[in-house]
Amino acid sequence: MGYLSGEPALYDRLTGREHAQYLGFLRHNVTPKRVEELSGRLTLDLDRPSRELSKGNKQKLALVLAMMSAPPPLVLDEPTGGLDPIAQQDFHDILCEHTDAGGSVLLSSHVLSEVQRVADRVGVLRSGRLVAVERLDELRSKSLHHVQAHFSEPVALEAFSGVPGLVDLSISDHTMTCSAPQSALDLLLKRVSLHQVVDFECVEAELEETFLTYYGEGGDHAA
Amino acid sequence: MLRSVLLKTLRDQRRSLLAYAISIGALVMLYGSFWPSIKDQPSMSDFMNQMPEAMRSMFAMSGADLSTPAGYAKVELMSFIGPILVILYAVSAGNAAVAGEEDRHTMDLLLANPISRTRLVLDKLGAMIIGILLITAVAGASLLLSGPVFGLSIAAGKAAAAMVHLGLLGLVFGALALAIGATTGRTGASRGVPALVAVLAYMVNGLASMVSWLEPLQKLSPFYQYGGHDRLRNGISGPAVMVSVLTVAGLVLIAIWGFRRRDVLA
Numbered sequence: 002m003g004y005l006s007g008e009p010a011l012y013d014r015l016t017g018r019e020h021a022q023y024l025g026f027l028r029h030n031v032t033p034k035r036v037e038e039l040s041g042r043l044t045l046d047l048d049r050p051s052r053e054l055s056k057g058n059k060q061k062l063a064l065v066l067a068m069m070s071a072p073p074p075l076v077l078d079e080p081t082g083g084l085d086p087i088a089q090q091d092f093h094d095i096l097c098e099h100t101d102a103g104g105s106v107l108l109s110s111h112v113l114s115e116v117q118r119v120a121d122r123v124g125v126l127r128s129g130r131l132v133a134v135e136r137l138d139e140l141r142s143k144s145l146h147h148v149q150a151h152f153s154e155p156v157a158l159e160a161f162s163g164v165p166g167l168v169d170l171s172i173s174d175h176t177m178t179c180s181a182p183q184s185a186l187d188l189l190l191k192r193v194s195l196h197q198v199v200d201f202e203c204v205e206a207e208l209e210e211t212f213l214t215y216y217g218e219g220g221d222h223a224a
Numbered sequence: 039m040l041r042s043v044l045l046k047t048l049r050d051q052r053r054s055l056l057a058y059a060i061s062i063g064a065l066v067m068l069y070g071s072f073w074p075s076i077k078d079q080p081s082m083s084d085f086m087n088q089m090p091e092a093m094r095s096m097f098a099m100s101g102a103d104l105s106t107p108a109g110y111a112k113v114e115l116m117s118f119i120g121p122i123l124v125i126l127y128a129v130s131a132g133n134a135a136v137a138g139e140e141d142r143h144t145m146d147l148l149l150a151n152p153i154s155r156t157r158l159v160l161d162k163l164g165a166m167i168i169g170i171l172l173i174t175a176v177a178g179a180s181l182l183l184s185g186p187v188f189g190l191s192i193a194a195g196k197a198a199a200a201m202v203h204l205g206l207l208g209l210v211f212g213a214l215a216l217a218i219g220a221t222t223g224r225t226g227a228s229r230g231v232p233a234l235v236a237v238l239a240y241m242v243n244g245l246a247s248m249v250s251w252l253e254p255l256q257k258l259s260p261f262y263q264y265g266g267h268d269r270l271r272n273g274i275s276g277p278a279v280m281v282s283v284l285t286v287a288g289l290v291l292i293a294i295w296g297f298r299r300r301d302v303l304a
């Protein structure tokens, strides 16, 4: 199993290559080629003692060490902390190759945009308890859309109150704003079209906002 | 040197081990070089004999005769400075083994690999034993070298016996440090407690002949197993070796048990 701790620690005096040798011998299934390939892709210098590495480079080395024995499941805790955007992209590519080859990854992250980019299934932990597990595409179907409609004449709030799942519905003068899950869009549109529409806007919210809406305050530790 | 936990541990210790080996070798030779000027001076023995008995038995183990090579080596090397160096090495190795690695958070990295905690403790113990062997071998070789060089002649068998007991003395305290470190994960306790126990054990052994209530405790002291029968004159003591080995084995079992049953500090 490949494991990356949330706060990876390394041996100060060992270089990256020495780390890979030592842990590789303990794991029996690591080839130097794989180590070179991974560190090459993440642009990591394997010949410097880890105490001389920056936070980002330490994180890269910890990632290489976690992923160097290729096939088994990976358990990664906050893997992109300290990584620059390019390294994050490279890392996500490596993860996708891993899963395409049939490998599985358990990734824990506070960065929901990252979860949105790489995860297939998402579990939500709130104060140590798993409060939800859903496929990301199911979650997408629940994902909120910010809807704004301008009408040519004033509209009553009641005109939309029967639509299930609407959040933050408000009407000021000629304008209706609300957040709607994907499943409510059809009914909402039909209600909107009963009136004369001047302008209509519908934007999908970030996953983050969907999370916060469904799973409440502070419950934003996703895995 | 990175092919196992044992070799990696020795690799980590290479500088300090070298320093210990050089120090103890140099120290033995230094005391050896004093021998030619001491041996013909009866006043030294008189001086020893005039010391208060408590002091004599604490620092020199009573009954040492400074006018013989064995007695001189015992007083100058084997009673105090030799044990201190070996115990110092063993306790720092025992402390670094589990508690030290946890303190630097690298235990997390190590235990994420397919290696059992039992194996880890045994590898670290193995490295400690090899380290102690090296230090005592250098001390023993220097002592034997002092024979032809300074005339401090001690029979090779007797010197080897003394070194075996010296090594076991260190190993007992090293295993204690290992057991405390593995059970608690705390470096303070795994360094401090063995040091405290060593001082108490030293005092119990030294003062037992004068303080009657300490006498029953004397045989519990590792220092009694170490020096009670004057190894440089009488050679190896089977029962004392047995007691020491069993003590070490018990402490190692505690270390394994303690380490396996708890959460590691990440």
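Just so you know, the sequences run in chain order C and Y.
Under the working numbering, the first residue of the first sequence is numbered 2, with each subsequent residue one higher.
Under the working numbering, the first residue of the second sequence is numbered 39, with each subsequent residue one higher.
C-beta atoms are modelled at their ideal positions from N, C-alpha and C, and glycine is treated no differently.
Contact belief for residue i with residue j at Cβ below 8 Å, rounded distance in angstroms
i, j, result
"LEU24 of chain C", "GLN60 of chain C", "That belief does not hold up - the Cβ atoms of LEU24 of chain C and GLN60 of chain C are roughly 16 Å apart, past 8 Å."
"THR47 of chain Y", "LYS162 of chain Y", "6 Å"
"ALA278 of chain Y", "GLN263 of chain Y", "4 Å"
"GLY223 of chain Y", "VAL113 of chain Y", "Going by Cβ atoms, the distance from GLY223 of chain Y to VAL113 of chain Y rounds to 40 Å, so no, they are not a contact pair."
"PRO232 of chain Y", "PHE261 of chain Y", "Not really, about 13 Å apart at Cβ, beyond 8 Å."
"MET68 of chain C", "GLY129 of chain C", "With a Cβ gap of about 27 Å, MET68 of chain C and GLY129 of chain C do not count as contacting."
"LEU64 of chain C", "LEU5 of chain C", "6 Å"
"ARG122 of chain C", "VAL134 of chain C", "6 Å"
"LYS144 of chain C", "LEU208 of chain C", "The residue you asked about is not Lys; residue 144 of chain C is Ser in the sequence shown. Right, the Cβ-Cβ distance comes to about 7 Å (below 8 Å), so this counts as a contact."
"SER40 of chain C", "GLY17 of chain C", "7 Å"
"SER180 of chain C", "ALA206 of chain C", "7 Å"
CB contact check: residue i to chain Y, cutoff 7 Å
i, result
"GLU19 of chain C", "yes"
"SER184 of chain C", "no"
"SER6 of chain C", "yes"
"GLN22 of chain C", "yes"
"TYR12 of chain C", "yes"
"LEU54 of chain C", "no"
"PHE26 of chain C", "yes"
Alpha helix (DSSP H) segment containing residue i, residue limits
i, result
"ARG141 of chain C", "137–143"
"TYR12 of chain C", "Where TYR12 of chain C is concerned, there is no enclosing alpha helix (DSSP H), given that its DSSP letter is neither H nor E."
"THR225 of chain Y", "225–245"
"GLY120 of chain Y", "119–133"
"PRO80 of chain Y", "80–88"
"VAL136 of chain Y", "Unbroken run through VAL136 of chain Y: none, as it is neither H nor E."
"MET280 of chain Y", "276–298"
"SER194 of chain C", "Note, SER194 of chain C: premise wrong, no alpha helix (DSSP H); not H, not E."
Beta carbon proximity, residue i to chain C, threshold 7 Å
i, result
"LYS46 of chain Y", "yes"
"LEU40 of chain Y", "yes"
"ASN151 of chain Y", "yes"
"ASP141 of chain Y", "no"
"ASP268 of chain Y", "no"
"THR156 of chain Y", "no"
"THR144 of chain Y", "yes"
"LEU56 of chain Y", "no"
Residue interval of the beta strand (DSSP E) (run including residue i)
i, result
"PRO221 of chain Y", "It is worth fixing the name first, because residue 221 of chain Y is Thr in this sequence and not Pro. First-last for THR221 of chain Y: 194–222, but that is the alpha helix (DSSP H), not the beta strand (DSSP E)."
"GLU207 of chain C", "No beta strand (DSSP E) contains GLU207 of chain C, which DSSP labels as neither H nor E."
"ALA181 of chain C", "176–182"
Sequence-distant residues of the same chain with beta carbon closer than 8 Å to residue i, five excluded per side
i, result
"HIS20 of chain C", "LEU11, TYR12, SER51, LEU62 and LEU66"
"ILE153 of chain Y", "VAL43"
"THR176 of chain C", "GLN149, ALA150, HIS151 and PHE152"
"TYR31 of chain C", "Note that residue 31 of chain C is Val in the sequence shown, not Tyr. If we look at VAL31 of chain C and ignore the five residues flanking it on each side, its Cβ neighbours are ALA21, LEU24, GLY25, MET69 and SER70."
"LEU209 of chain Y", "ALA128, MET166, ILE167, ILE170, SER282 and VAL286"
"LEU1 of chain C", "A query on residue 1 of chain C cannot be resolved here, the shown segment of chain C reaching from 2 to 224 and no further."
"ARG300 of chain Y", "THR221 and GLY223"
Residue i beta carbon near the ligand FMN (any heavy atom closer than 6 Å)
i, result
"GLY226 of chain Y", "Looking for the ligand FMN in the displayed structure turns up nothing, as the structure carries no ligands at all."
Sequence-distant residues of the same chain with beta carbon closer than 7 Å to residue i, five excluded per side
i, result
"LEU55 of chain Y", "GLY169 and LEU172"
"ALA111 of chain Y", "LEU181, LEU190, ILE192 and LEU270"
Residues of its chain near residue i, where Cβ-Cβ distance is below 6 Å and the 5 sequence neighbours each way are ignored
i, result
"PHE201 of chain C", "ALA150"
"MET96 of chain Y", "GLY244"
"LEU206 of chain Y", "SER282"
"ILE125 of chain Y", "GLY208, PHE211 and ALA236"
"ARG28 of chain C", "SER70"
"CYS203 of chain C", "HIS146 and VAL148"
"LEU255 of chain Y", "VAL242"
"MET30 of chain Y", "For residue 30 of chain Y there is no data in the structure shown, the boundaries of chain Y being 39 and 304."
"LEU108 of chain C", "LEU77"
"ILE292 of chain Y", "ALA217"
Original post:
Could you give the uninterrupted runs of the alpha helix (DSSP H) lying entirely in the region 143–171 of chain Y, keeping only those of 4 residues or more?
Top reply: Within the region 143–171 of chain Y, the runs of alpha helix (DSSP H) that reach at least 4 residues and sit entirely inside it are, in chain order, 144–149.
Subject >> In chain order, each beta strand (DSSP E) run of at least 3 residues that lies wholly inside the region 59–139 of chain C >> reply: Correct list: 75–78, 106–109, 122–127 and 130–136.
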